[in-house]
Amino acid sequence: MTIPPSASPRPLAQPGPEGGPTRPFAPPTVPRLQLAGAAKKFGEVIAVYPMDLEVRAGEFLVLLGPSGCGKTTTLRMLAGLEKPSQGSVLMDGVDVTGMRPGDRDMAFVFQMFSLYPHMTVLENVAFPLRAQGLPASEAERRAADLLRQMRLQPLAHLRPSKLSGGDQQRVGLARALIRTQLRAPKAFLMDEPLGTLDGALREETRTALRTAHNQSGATTVFVTHDQDEAMSLADRIAVMREGKILQLDTPRAIYDQPADLFVADFVGSPGMNLFPARRQGDVAVLSALPLTIHFAADLDAPEDVASRATGPTGAVGASSRNPGVTQAGNSAANQPGDQGPCWLGVRPQNVILSETGAPCRVQHTESLGSHNLLTLRHAEGLMKAWLPAGVRFDDGATVCVSFLASGCRWFDGVHGKAQNWRTVEVECRATA
Ligand code: ATP
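What follows is the structure, encoded as structure tokens:
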């Protein structure tokens, strides 16, 4: 049975404003990976809608999205571990859809690694080098070096059964990464490899992983639901939802110019503050706060940022954190740039405290070390604002807020797609 195309057939390449990988060029043997209309169905469940995706040679691409959105299935199709229900998989333009995973020269790294139980940690990590013909002493010297870098040296002589789950995971990752020292695989495909690690260990392992990628130059596809991880590791991020890619771009572009309400809400911790608004010519009026936003006069032909980023997408709906587009998008006749409902998105760092701003009630101030996070209550819910460390307000106090004009992002009220309306002024209306 043919899977209907998603509402958004996507172009193959999505060059971001910051360009691609951090290396100027990748070694010639490093492949470009592509999905061309590849889709996957399990019974009646459509895990991935027909998808066009290009992973550039040598880049570190992260598939990011909530649980069940089809990240793993997408990765497994690239790996050859899952055969697409339709469409194809290409390496450097050559159709490899029918090629066995073992013949693709890719390394797979999963959350649950199976280590050889009869070998020590050192022997486990040295094993891939020995299998490639390196003498045992040299293989173990290099393995010991890597263990030291990853702070696993104290475990070198233990067997896997003596390790915690997190340590097993890091040893498994070390065993995968050591392959980059000799004859690196052409690509690394990683599915939540840092899944059970926390805190400093997670950060250190992340650094080791990115360093290994930079050294090997191998094309890397990495799956995670952790947007901090995605932002810190990726050359480009594909944000997925319900079997579709919503946006594919550099971390900065995704953070600064989210293609729709879902991405605005999902990326960033906390996500964007989202406010329903009503557009009236060259101003928009917020209902949650007595703020009126003025647009530049040259607004008559607004560019649709979401279309530029991903091609036309289907409607996006509510997430746990945002109130959903349907409330603002209740006018089917609404056209972007015309009269009607829309959404304003403002990152917490673009909320400013201003004597001439709109009054809000302080709900809570959280100390986060380098800065404080202020939660404010407005007429329709809560919003977040960053404060310098040390600045706090009493719960229940009234503060006045405004927004940096350059930090205002707009989304249409029907599909929640980004619009590049240029904000010039944020004005506080007099309240009765
Ligand atoms: P998670 O982060 O929770 O691993 P994911 O984004 O990686 O999620 P997938 O594992 O790709 O998502 O699953 C996408 C959808 O396909 C889900 O609804 C899942 O239940 C379904 N699915 C995945 N694999 C199978 C399978 N082998 N049989 C049936 N359904 C499956």
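The numbering of the sequence shown is the working numbering, which starts it at 1283 and goes up by one. Just so you know, even glycine gets a beta-carbon here, dropped at the ideal spot from N, CA and C.
For this session: Consult DSSP for Q1483 and reduce its assignment to one of helix, strand or coil.
Result: Per the sequence shown, the amino acid found at residue 1483 is Leu instead of Gln. Correct three-state label for L1483: helix.
Exercise. Between N1555, A1361, A1329, R1704, which lies nearest to D1385 when the distance is taken from Cα to Cα?
Worked result: Relative to D1385, the option among N1555, A1361, A1329, R1704 whose CA is nearest is A1361.
Problem set entry | T1647, enclosing beta strand (DSSP E) - first and last residue | Here the beta strand (DSSP E) through T1647 covers 1633 to 1649.
Exercise. Relative to the C-alpha of R1314, which residue among A1490, V1391, D1374 is closest?
Worked result: Checking every option, the nearest Cα to that of R1314 belongs to D1374.
For this session: Look up T1379 in the DSSP assignment and say whether it is helix, strand or coil.
Result: DSSP, read as helix, strand or coil, puts T1379 in coil.
For this session: State yes or no: is the C-beta of K1365 nearer than 7 Å to some heavy atom of ligand 1?
Result: no
Problem set entry | Complete alpha helix (DSSP H) runs within the stretch 1348 to 1417 (minimum length 4 residues, chain order) | 1353 to 1361, 1403 to 1413
Problem set entry | Chain-order list of residues whose beta-carbon lies under 8 Å from that of E1300 (same chain, five-residue window excluded) | Low local confidence applies: a pLDDT of 41 at E1300 is under 50, so the model's placement there is unreliable, and no value is given.
Problem set entry | Backbone CA spacing between G1663 and K1323 [nearest angstrom] | K1323 has its alpha-carbon roughly 39 Å from the corresponding atom of G1663.
Problem set entry | CB contact flag (L1483, V1453, <8 Å) | no
Exercise. Cβ atoms of G1698 and R1629: under 8 Å apart, would you say?
Worked result: no
Problem set entry | Integer-rounded CB distance, given that V1706 should sit under 8 Å from M1687 | Before going on, a small fix: residue 1687 reads as Ala here, not Met. Going by Cβ atoms, the distance from A1687 to V1706 rounds to 6 Å, so yes, they are a contact pair.
Exercise. How far does the beta strand (DSSP E) with S1514 in it reach, from first residue to last?
Worked result: From DSSP, S1514 is part of no beta strand (DSSP E) but of the alpha helix (DSSP H) over 1509 to 1515.
For this session: Quick one: grab the DSSP three-state call for L1455.
Result: Shown here, L1455 sits in a helix according to DSSP, grouped into three states.
Problem set entry | At least three beta-carbon pairs within less than 8 Å, the stretch 1409 to 1418 to the stretch 1471 to 1480 | no
For this session: Determine the extent of the alpha helix (DSSP H) in which F1342 is found, giving its start and end residues.
Result: Unbroken run through F1342 is the beta strand (DSSP E), 1342 to 1346; no alpha helix (DSSP H).
Exercise. So which of E1709, R1659, S1652, V1312 has the shortest CA-CA distance to M1388?
Worked result: Selected option, being the one with the closest Cα: V1312.
Exercise. DSSP state of H1653, grouped into three classes?
Worked result: strand
Exercise. Helix or strand or just coil, what does DSSP make of D1676?
Worked result: Reduced to three states, the DSSP call for D1676 is coil.
Problem set entry | Coil, strand or helix - V1545 by DSSP | helix
Exercise. Between the stretch 1424 to 1431 and the stretch 1500 to 1520, do three or more beta carbon pairs fall short of 8 Å?
Worked result: no
For this session: Kindly list the residues whose CB is nearer than 6 Å to the CB of L1464, restricted to its own chain and excluding five residues on each side of it in sequence; keep chain order.
Result: L1411, Q1414
Problem set entry | Assigned secondary structure, N1496 (DSSP; H/G/I helix, E/B strand, else coil) | helix
Problem set entry | ligand 1 heavy atom lying under 7 Å from the CB of T1478 | no
Exercise. What first and last residue would you give for the beta strand (DSSP E) that runs through D1531?
Worked result: 1526 to 1531
Exercise. Is the stretch 1523 to 1531 touching the stretch 1483 to 1498 in the sense that three or more CB pairs, one from each, lie closer than 8 Å?
Worked result: no
Problem set entry | When A1700, Q1509, H1439, K1444 are compared against E1405, the one with the closest alpha-carbon | H1439
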